[in-house]
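First up is the structure itself, then whatever we jot down about it.
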Amino acid sequence: MDETLGRIVDIKSEPWYPSVAAKSVTDAVVPAPSGFSAHVLHVRWDSLPMILPDGKLDSSEWWSALSPTWGKWVEGKPLSVKSNSVGWLVDFENHEAQILPLDEDGHGKRLAKLGCGDLHTAIGGLQIEDRDVILVFKKFDFKPLPMDEKHLDMAGEALGRFHTISGRNLATPNDERSWNKRLDILEPRTRSATKWRAPHSADTQGTITHRNFGLEHCFLHKDRVIISGCVGGIYNALVPQTSPSPALRDVAAGVIGLSAENKRSFCRGWTSTAPAHWYSHKALDGHRGGLIIWEYEQYLEQRLFHQAWGKDEPDYVTQFLANVSTVQNGMYRVRTIAAGAMVCTFVPLIAICYWAFYPEAQSPSGLELGGIAAMGGLGWVLQKVYRYLAPMPW
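In terms of our numbering, the sequence shown opens at residue 51 and continues consecutively.
Shown next as C-alpha coordinates:
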(Lines of atoms letter the chains of each structure in order from A and count residues from 1; the text may use other names and numbers.)
(Lines give C-alpha, C1' and ligand atoms only; values in the text may rest on other atoms or scores of the structure.)
Protein backbone atom coordinates (compact mmCIF):
# COMPACT_ATOMS: atom_id res chain seq x y z
CA MET A 1 0.00 0.00 0.00
CA ASP A 2 2.84 2.38 0.85
CA GLU A 3 4.47 1.71 -2.51
CA THR A 4 1.19 2.48 -4.31
CA LEU A 5 0.76 5.73 -2.40
CA GLY A 6 4.32 6.66 -3.23
CA ARG A 7 3.70 5.99 -6.91
CA ILE A 8 0.60 8.22 -6.87
CA VAL A 9 2.69 11.02 -5.44
CA ASP A 10 5.40 10.38 -8.06
CA ILE A 11 3.05 10.53 -11.04
CA LYS A 12 2.34 14.19 -10.40
CA SER A 13 5.76 14.98 -11.81
CA GLU A 14 5.38 12.69 -14.83
CA PRO A 15 5.14 14.40 -18.26
CA TRP A 16 1.90 12.54 -19.09
CA TYR A 17 0.14 13.76 -15.93
CA PRO A 18 -2.15 16.77 -16.68
CA SER A 19 -0.99 18.70 -13.65
CA VAL A 20 -3.24 21.75 -14.14
CA ALA A 21 -6.45 19.93 -15.14
CA ALA A 22 -6.03 17.20 -12.48
CA LYS A 23 -7.75 17.75 -9.15
CA SER A 24 -7.09 14.52 -7.27
CA VAL A 25 -6.41 10.78 -7.53
CA THR A 26 -8.53 8.28 -5.61
CA ASP A 27 -8.65 4.50 -5.36
CA ALA A 28 -11.06 2.75 -7.68
CA VAL A 29 -13.89 0.60 -6.34
CA VAL A 30 -13.19 -2.22 -8.80
CA PRO A 31 -9.94 -4.08 -8.01
CA ALA A 32 -7.22 -4.21 -10.66
CA PRO A 33 -5.67 -7.41 -12.01
CA SER A 34 -2.40 -8.73 -10.66
CA GLY A 35 0.51 -6.40 -11.35
CA PHE A 36 -1.56 -3.20 -11.33
CA SER A 37 -3.51 -0.92 -9.03
CA ALA A 38 -6.76 0.75 -10.06
CA HIS A 39 -7.42 4.44 -9.45
CA VAL A 40 -9.56 7.32 -10.63
CA LEU A 41 -8.04 10.53 -11.94
CA HIS A 42 -10.37 13.45 -11.28
CA VAL A 43 -9.91 16.31 -13.74
CA ARG A 44 -11.77 19.57 -13.91
CA TRP A 45 -14.55 18.20 -16.12
CA ASP A 46 -14.54 14.41 -15.63
CA SER A 47 -13.36 11.37 -13.66
CA LEU A 48 -11.16 8.96 -15.60
CA PRO A 49 -10.28 5.33 -14.76
CA MET A 50 -6.53 4.99 -14.33
CA ILE A 51 -4.39 1.85 -14.13
CA LEU A 52 -0.91 2.04 -12.58
CA PRO A 53 1.75 -0.69 -12.44
CA ASP A 54 2.40 -1.71 -8.83
CA GLY A 55 5.87 -3.15 -9.46
CA LYS A 56 9.18 -2.01 -10.89
CA LEU A 57 9.03 -1.55 -14.65
CA ASP A 58 12.67 -2.56 -15.05
CA SER A 59 12.06 -5.85 -13.23
CA SER A 60 12.04 -9.06 -15.28
CA GLU A 61 9.93 -10.71 -12.58
CA TRP A 62 7.17 -8.12 -12.96
CA TRP A 63 7.04 -8.57 -16.73
CA SER A 64 7.13 -12.37 -16.59
CA ALA A 65 4.12 -12.36 -14.24
CA LEU A 66 1.99 -10.57 -16.85
CA SER A 67 0.04 -12.28 -19.62
CA PRO A 68 -0.87 -10.56 -22.89
CA THR A 69 -4.52 -10.51 -23.95
CA TRP A 70 -3.71 -10.38 -27.67
CA GLY A 71 -0.81 -10.71 -30.11
CA LYS A 72 2.87 -11.13 -29.27
CA TRP A 73 4.64 -10.29 -26.03
CA VAL A 74 8.03 -8.90 -25.04
CA GLU A 75 11.08 -11.13 -24.82
CA GLY A 76 14.15 -10.86 -22.62
CA LYS A 77 15.00 -8.38 -19.91
CA PRO A 78 13.89 -4.74 -19.81
CA LEU A 79 16.87 -2.55 -20.69
CA SER A 80 15.60 0.90 -19.74
CA VAL A 81 12.50 2.82 -18.70
CA LYS A 82 11.67 6.39 -19.65
CA SER A 83 8.62 8.58 -19.22
CA ASN A 84 6.91 10.13 -22.22
CA SER A 85 3.78 12.10 -23.03
CA VAL A 86 1.42 9.12 -22.75
CA GLY A 87 2.99 6.98 -20.01
CA TRP A 88 6.18 4.94 -19.72
CA LEU A 89 8.19 3.42 -22.57
CA VAL A 90 10.14 0.29 -21.62
CA ASP A 91 12.94 -0.75 -23.93
CA PHE A 92 13.72 -4.41 -24.69
CA GLU A 93 16.23 -5.89 -27.12
CA ASN A 94 13.83 -6.18 -30.05
CA HIS A 95 10.69 -4.51 -28.77
CA GLU A 96 9.35 -1.46 -26.99
CA ALA A 97 6.47 -1.66 -24.54
CA GLN A 98 4.31 1.42 -24.09
CA ILE A 99 2.49 1.49 -20.74
CA LEU A 100 -0.66 3.63 -20.78
CA PRO A 101 -2.01 4.73 -17.41
CA LEU A 102 -5.07 6.18 -19.13
CA ASP A 103 -6.83 5.14 -22.33
CA GLU A 104 -10.23 5.60 -23.91
CA ASP A 105 -11.33 2.48 -25.76
CA GLY A 106 -8.37 0.41 -26.94
CA HIS A 107 -7.72 2.39 -30.09
CA GLY A 108 -4.13 1.15 -30.31
CA LYS A 109 -5.33 -2.43 -30.80
CA ARG A 110 -8.01 -1.23 -33.24
CA LEU A 111 -5.37 0.39 -35.45
CA ALA A 112 -3.20 -2.72 -35.25
CA LYS A 113 -6.04 -4.93 -36.50
CA LEU A 114 -6.25 -2.88 -39.73
CA GLY A 115 -2.94 -4.32 -40.93
CA CYS A 116 -1.89 -1.05 -42.57
CA GLY A 117 1.75 -1.06 -43.66
CA ASP A 118 1.96 2.73 -43.42
CA LEU A 119 1.39 2.64 -39.66
CA HIS A 120 3.80 1.60 -36.93
CA THR A 121 1.19 -0.26 -34.90
CA ALA A 122 1.43 -2.61 -31.95
CA ILE A 123 2.05 -6.33 -32.47
CA GLY A 124 0.47 -7.31 -29.15
CA GLY A 125 -0.55 -5.99 -25.82
CA LEU A 126 -2.56 -6.14 -22.65
CA GLN A 127 -6.08 -4.78 -22.37
CA ILE A 128 -8.18 -4.30 -19.25
CA GLU A 129 -11.90 -3.65 -19.72
CA ASP A 130 -11.31 -2.91 -23.43
CA ARG A 131 -8.72 -0.24 -22.64
CA ASP A 132 -5.11 -0.55 -23.74
CA VAL A 133 -2.76 -0.78 -20.77
CA ILE A 134 0.36 -2.11 -22.51
CA LEU A 135 1.13 -2.02 -26.24
CA VAL A 136 4.15 -3.87 -27.65
CA PHE A 137 5.90 -2.48 -30.73
CA LYS A 138 8.76 -3.72 -32.88
CA LYS A 139 11.84 -1.52 -32.72
CA PHE A 140 12.84 0.28 -35.90
CA ASP A 141 15.56 2.73 -36.81
CA PHE A 142 13.40 5.68 -37.76
CA LYS A 143 14.75 8.91 -39.20
CA PRO A 144 13.13 12.34 -38.75
CA LEU A 145 10.89 13.53 -41.59
CA PRO A 146 12.32 16.52 -43.50
CA MET A 147 9.77 19.35 -43.76
CA ASP A 148 10.19 19.88 -47.52
CA GLU A 149 7.68 19.59 -50.38
CA LYS A 150 8.69 16.06 -51.38
CA HIS A 151 8.45 14.53 -47.92
CA LEU A 152 5.29 16.40 -46.94
CA ASP A 153 3.72 15.01 -50.11
CA MET A 154 4.89 11.52 -49.10
CA ALA A 155 3.41 11.96 -45.61
CA GLY A 156 0.07 12.95 -47.13
CA GLU A 157 0.17 9.91 -49.41
CA ALA A 158 0.82 7.61 -46.43
CA LEU A 159 -2.11 9.11 -44.53
CA GLY A 160 -4.35 8.71 -47.59
CA ARG A 161 -3.45 5.03 -47.95
CA PHE A 162 -4.29 4.51 -44.29
CA HIS A 163 -7.65 6.22 -44.82
CA THR A 164 -8.38 4.01 -47.83
CA ILE A 165 -7.94 0.93 -45.65
CA SER A 166 -9.98 2.57 -42.89
CA GLY A 167 -12.82 3.30 -45.31
CA ARG A 168 -12.99 -0.35 -46.33
CA ASN A 169 -13.43 -1.32 -42.69
CA LEU A 170 -15.76 1.46 -41.53
CA ALA A 171 -17.67 4.25 -43.25
CA THR A 172 -20.56 5.72 -41.27
CA PRO A 173 -23.04 8.36 -42.47
CA ASN A 174 -22.67 12.06 -41.72
CA ASP A 175 -23.10 12.54 -37.96
CA GLU A 176 -23.05 16.31 -37.71
CA ARG A 177 -24.96 16.32 -34.42
CA SER A 178 -22.22 14.37 -32.64
CA TRP A 179 -19.39 16.25 -34.39
CA ASN A 180 -20.90 19.61 -33.46
CA LYS A 181 -21.50 18.37 -29.92
CA ARG A 182 -17.76 17.83 -29.61
CA LEU A 183 -17.22 21.51 -30.41
CA ASP A 184 -19.90 22.35 -27.87
CA ILE A 185 -17.76 20.53 -25.28
CA LEU A 186 -14.38 21.94 -26.28
CA GLU A 187 -15.39 25.61 -26.45
CA PRO A 188 -16.46 26.04 -22.80
CA ARG A 189 -13.67 23.80 -21.49
CA THR A 190 -11.08 25.99 -23.17
CA ARG A 191 -12.98 29.18 -22.26
CA SER A 192 -12.71 30.23 -25.91
CA ALA A 193 -14.81 33.19 -27.03
CA THR A 194 -15.81 31.40 -30.24
CA LYS A 195 -18.76 29.34 -31.43
CA TRP A 196 -18.79 27.55 -34.77
CA ARG A 197 -21.01 24.77 -36.08
CA ALA A 198 -21.23 23.12 -39.51
CA PRO A 199 -23.92 21.20 -41.44
CA HIS A 200 -21.39 18.88 -43.17
CA SER A 201 -22.07 17.27 -46.53
CA ALA A 202 -23.17 13.70 -47.17
CA ASP A 203 -19.68 13.01 -48.57
CA THR A 204 -18.25 13.59 -45.08
CA GLN A 205 -18.34 10.14 -43.52
CA GLY A 206 -17.04 8.80 -40.23
CA THR A 207 -14.26 6.23 -40.28
CA ILE A 208 -11.35 4.84 -38.25
CA THR A 209 -9.00 7.77 -37.82
CA HIS A 210 -5.54 7.95 -36.28
CA ARG A 211 -6.84 10.27 -33.53
CA ASN A 212 -3.34 11.44 -32.54
CA PHE A 213 -2.00 12.23 -36.00
CA GLY A 214 0.61 14.92 -36.47
CA LEU A 215 3.69 15.39 -38.62
CA GLU A 216 5.78 14.85 -35.49
CA HIS A 217 4.62 11.21 -35.68
CA CYS A 218 5.80 10.79 -39.30
CA PHE A 219 9.23 9.23 -39.83
CA LEU A 220 11.35 7.85 -42.65
CA HIS A 221 12.11 4.14 -42.80
CA LYS A 222 13.68 2.60 -45.92
CA ASP A 223 12.63 5.58 -48.07
CA ARG A 224 9.03 5.29 -46.88
CA VAL A 225 7.03 7.45 -44.52
CA ILE A 226 5.80 5.51 -41.51
CA ILE A 227 3.18 6.97 -39.17
CA SER A 228 3.79 6.26 -35.50
CA GLY A 229 1.93 7.39 -32.37
CA CYS A 230 -0.68 4.66 -32.91
CA VAL A 231 -2.09 4.70 -29.39
CA GLY A 232 -5.15 6.20 -27.77
CA GLY A 233 -3.80 7.19 -24.40
CA ILE A 234 -4.51 10.14 -22.17
CA TYR A 235 -5.24 12.62 -24.97
CA ASN A 236 -8.15 10.47 -26.13
CA ALA A 237 -9.26 9.82 -22.55
CA LEU A 238 -9.47 13.54 -21.78
CA VAL A 239 -11.81 14.18 -24.73
CA PRO A 240 -13.56 10.87 -25.59
CA GLN A 241 -14.94 10.32 -29.07
CA THR A 242 -18.66 9.54 -29.18
CA SER A 243 -18.91 8.95 -32.92
CA PRO A 244 -16.39 7.99 -35.65
CA SER A 245 -14.76 11.13 -37.04
CA PRO A 246 -14.15 11.80 -40.75
CA ALA A 247 -10.73 11.41 -42.35
CA LEU A 248 -10.55 15.20 -42.63
CA ARG A 249 -9.92 15.32 -38.89
CA ASP A 250 -6.55 13.61 -39.37
CA VAL A 251 -5.76 15.93 -42.29
CA ALA A 252 -6.54 18.94 -40.13
CA ALA A 253 -4.27 17.58 -37.40
CA GLY A 254 -1.48 17.32 -39.96
CA VAL A 255 -1.73 20.86 -41.33
CA ILE A 256 -2.06 22.93 -38.17
CA GLY A 257 0.80 25.36 -37.92
CA LEU A 258 2.00 24.76 -41.50
CA SER A 259 2.63 27.50 -44.03
CA ALA A 260 0.20 27.75 -46.95
CA GLU A 261 2.76 26.18 -49.30
CA ASN A 262 3.53 23.23 -47.01
CA LYS A 263 -0.16 22.73 -46.37
CA ARG A 264 -0.81 22.39 -50.10
CA SER A 265 2.02 19.88 -50.46
CA PHE A 266 0.69 17.68 -47.67
CA CYS A 267 -2.93 17.85 -48.84
CA ARG A 268 -1.94 17.20 -52.46
CA GLY A 269 -0.32 13.97 -51.35
CA TRP A 270 -3.38 13.00 -49.31
CA THR A 271 -5.81 13.53 -52.18
CA SER A 272 -3.67 11.34 -54.45
CA THR A 273 -4.32 8.22 -52.35
CA ALA A 274 -7.42 8.86 -50.19
CA PRO A 275 -10.98 7.82 -51.23
CA ALA A 276 -12.14 10.34 -53.84
CA HIS A 277 -15.52 11.16 -52.28
CA TRP A 278 -13.83 12.19 -49.02
CA TYR A 279 -12.17 15.12 -50.79
CA SER A 280 -14.98 15.89 -53.23
CA HIS A 281 -16.14 19.44 -53.87
CA LYS A 282 -18.99 18.94 -51.40
CA ALA A 283 -16.77 17.42 -48.72
CA LEU A 284 -14.31 20.34 -48.93
CA ASP A 285 -16.97 23.06 -49.20
CA GLY A 286 -16.07 25.52 -46.46
CA HIS A 287 -19.69 26.69 -46.25
CA ARG A 288 -20.62 23.18 -45.13
CA GLY A 289 -17.66 22.70 -42.82
CA GLY A 290 -15.02 21.32 -45.14
CA LEU A 291 -11.49 21.07 -43.78
CA ILE A 292 -11.58 24.36 -41.89
CA ILE A 293 -14.14 23.23 -39.30
CA TRP A 294 -11.83 20.32 -38.41
CA GLU A 295 -8.89 22.69 -38.20
CA TYR A 296 -10.99 24.68 -35.73
CA GLU A 297 -11.63 21.52 -33.71
CA GLN A 298 -7.94 20.64 -33.69
CA TYR A 299 -6.90 24.13 -32.57
CA LEU A 300 -9.43 23.93 -29.73
CA GLU A 301 -7.94 20.58 -28.71
CA GLN A 302 -4.44 22.06 -28.81
CA ARG A 303 -5.61 24.86 -26.53
CA LEU A 304 -7.23 22.35 -24.15
CA PHE A 305 -4.10 20.22 -23.92
CA HIS A 306 -1.80 23.19 -23.37
CA GLN A 307 -4.11 24.41 -20.61
CA ALA A 308 -4.35 20.94 -19.04
CA TRP A 309 -0.55 20.69 -18.79
CA GLY A 310 0.00 24.35 -17.95
CA LYS A 311 2.07 25.02 -21.06
CA ASP A 312 2.32 28.21 -23.08
CA GLU A 313 0.02 28.19 -26.09
CA PRO A 314 1.79 28.41 -29.48
CA ASP A 315 1.24 31.63 -31.42
CA TYR A 316 -0.32 29.79 -34.37
CA VAL A 317 -3.07 28.41 -32.10
CA THR A 318 -3.83 31.83 -30.63
CA GLN A 319 -3.81 33.52 -34.05
CA PHE A 320 -6.11 30.97 -35.68
CA LEU A 321 -8.72 31.11 -32.90
CA ALA A 322 -8.53 34.91 -32.79
CA ASN A 323 -9.27 34.97 -36.54
CA VAL A 324 -12.34 32.70 -36.35
CA SER A 325 -14.80 35.61 -36.12
CA THR A 326 -13.28 37.23 -39.21
CA VAL A 327 -13.67 34.01 -41.20
CA GLN A 328 -17.26 33.58 -40.00
CA ASN A 329 -18.18 37.17 -40.84
CA GLY A 330 -16.86 36.72 -44.36
CA MET A 331 -18.94 33.57 -44.79
CA TYR A 332 -22.07 35.31 -43.48
CA ARG A 333 -21.63 38.21 -45.90
CA VAL A 334 -21.54 35.98 -48.97
CA ARG A 335 -24.80 34.34 -47.94
CA THR A 336 -26.58 37.24 -49.63
CA ILE A 337 -25.06 35.97 -52.88
CA ALA A 338 -26.43 32.50 -52.11
CA ALA A 339 -29.88 34.00 -51.50
CA GLY A 340 -29.70 35.82 -54.83
CA ALA A 341 -28.67 32.61 -56.59
CA MET A 342 -31.64 30.80 -55.07
CA VAL A 343 -34.09 33.47 -56.19
CA CYS A 344 -32.67 33.59 -59.71
CA THR A 345 -32.89 29.81 -59.96
CA PHE A 346 -36.38 29.22 -58.59
CA VAL A 347 -38.21 32.14 -60.24
CA PRO A 348 -37.54 30.76 -63.77
CA LEU A 349 -38.64 27.29 -62.65
CA ILE A 350 -41.90 28.66 -61.25
CA ALA A 351 -42.52 30.66 -64.44
CA ILE A 352 -41.92 27.63 -66.66
CA CYS A 353 -44.27 25.49 -64.55
CA TYR A 354 -46.90 28.26 -64.77
CA TRP A 355 -46.72 28.47 -68.55
CA ALA A 356 -46.64 24.70 -68.94
CA PHE A 357 -49.40 23.60 -66.58
CA TYR A 358 -51.76 26.52 -65.87
CA PRO A 359 -54.67 26.25 -68.36
CA GLU A 360 -55.32 30.00 -68.69
CA ALA A 361 -51.69 31.00 -68.99
CA GLN A 362 -50.78 32.92 -72.12
CA SER A 363 -47.82 31.86 -74.23
CA PRO A 364 -44.70 33.79 -73.16
CA SER A 365 -43.27 36.35 -75.52
CA GLY A 366 -39.71 36.18 -76.75
CA LEU A 367 -38.77 39.00 -74.39
CA GLU A 368 -40.20 37.12 -71.41
CA LEU A 369 -38.37 33.93 -72.37
CA GLY A 370 -35.17 35.89 -72.78
CA GLY A 371 -35.59 37.50 -69.38
CA ILE A 372 -36.25 34.18 -67.69
CA ALA A 373 -33.22 32.60 -69.39
CA ALA A 374 -31.04 35.54 -68.32
CA MET A 375 -32.26 35.23 -64.73
CA GLY A 376 -31.51 31.49 -64.71
CA GLY A 377 -28.03 32.16 -66.09
CA LEU A 378 -27.44 34.80 -63.43
CA GLY A 379 -28.48 32.28 -60.76
CA TRP A 380 -25.92 29.81 -62.07
CA VAL A 381 -23.20 32.48 -62.03
CA LEU A 382 -24.08 33.62 -58.51
CA GLN A 383 -23.97 30.04 -57.27
CA LYS A 384 -20.45 29.66 -58.72
CA VAL A 385 -19.39 32.94 -57.11
CA TYR A 386 -20.78 31.78 -53.76
CA ARG A 387 -18.78 28.56 -53.93
CA TYR A 388 -15.67 30.44 -55.05
CA LEU A 389 -15.88 32.75 -52.01
CA ALA A 390 -15.96 29.82 -49.57
CA PRO A 391 -12.79 29.45 -47.43
CA MET A 392 -10.20 27.65 -49.52
CA PRO A 393 -9.46 24.13 -48.22
CA TRP A 394 -5.71 24.67 -48.78
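Idealized CB from N, CA, C, for every residue including glycine.
Cutoff 8 Å: residue i Cβ touching any chain B Cβ
i, result
"residue 101", "The question asks about chain B, but that chain is absent: this structure has only one protein chain."
Per-residue burial, residue i [other beta carbons within 10 Å of its own, 16 or more giving buried]
i, result
"residue 298", "buried"
"residue 183", "buried"
"residue 165", "exposed"
"residue 81", "exposed"
"residue 191", "exposed"
"residue 376", "exposed"
"residue 44", "The requested residue 44 does not occur in the structure, where the chain is confined to residues 51 to 444."
"residue 60", "exposed"
"residue 240", "buried"
"residue 159", "buried"
"residue 292", "exposed"
"residue 380", "exposed"
"residue 326", "exposed"
"residue 129", "exposed"
"residue 262", "buried"
"residue 424", "exposed"
"residue 229", "buried"
"residue 198", "exposed"
Cβ pair residue i, residue j closer than 8 Å
i, j, result
"residue 187", "residue 201", "no"
"residue 120", "residue 206", "no"
"residue 93", "residue 122", "no"
"residue 275", "residue 204", "yes"
"residue 116", "residue 136", "no"
"residue 131", "residue 107", "yes"
"residue 248", "residue 224", "no"
"residue 303", "residue 264", "yes"
"residue 209", "residue 320", "yes"
"residue 443", "residue 336", "yes"
"residue 255", "residue 138", "no"
"residue 99", "residue 71", "no"
Segment limits, alpha helix (DSSP H) that includes residue i
i, result
"residue 317", "310 to 321"
"residue 238", "226 to 240"
"residue 204", "199 to 219"
"residue 286", "283 to 288"
"residue 160", "157 to 163"
Local conformation of residue i per DSSP, three classes
i, result
"residue 293", "coil"
"residue 380", "helix"
"residue 403", "helix"
"residue 112", "helix"
"residue 125", "coil"
"residue 352", "helix"
"residue 247", "coil"
"residue 335", "coil"
"residue 105", "coil"
"residue 357", "helix"
"residue 370", "helix"
"residue 415", "coil"
"residue 386", "helix"
"residue 263", "coil"
"residue 256", "strand"
"residue 152", "coil"
"residue 397", "helix"
"residue 131", "strand"
"residue 341", "coil"
"residue 428", "helix"
One or two residues paired with residue i in a DSSP bridge
i, result
"residue 193", "270"
"residue 92", "74, 97"
"residue 86", "103"
"residue 275", "270"
"residue 182", "177"
"residue 120", "175"
"residue 169", "277"
First and last residue of the uninterrupted beta strand (DSSP E) at residue i
i, result
"residue 137", "137 to 141"
"residue 145", "145 to 149"
"residue 62", "Segment: none, residue 62 is in no beta strand (DSSP E) and carries neither H nor E."
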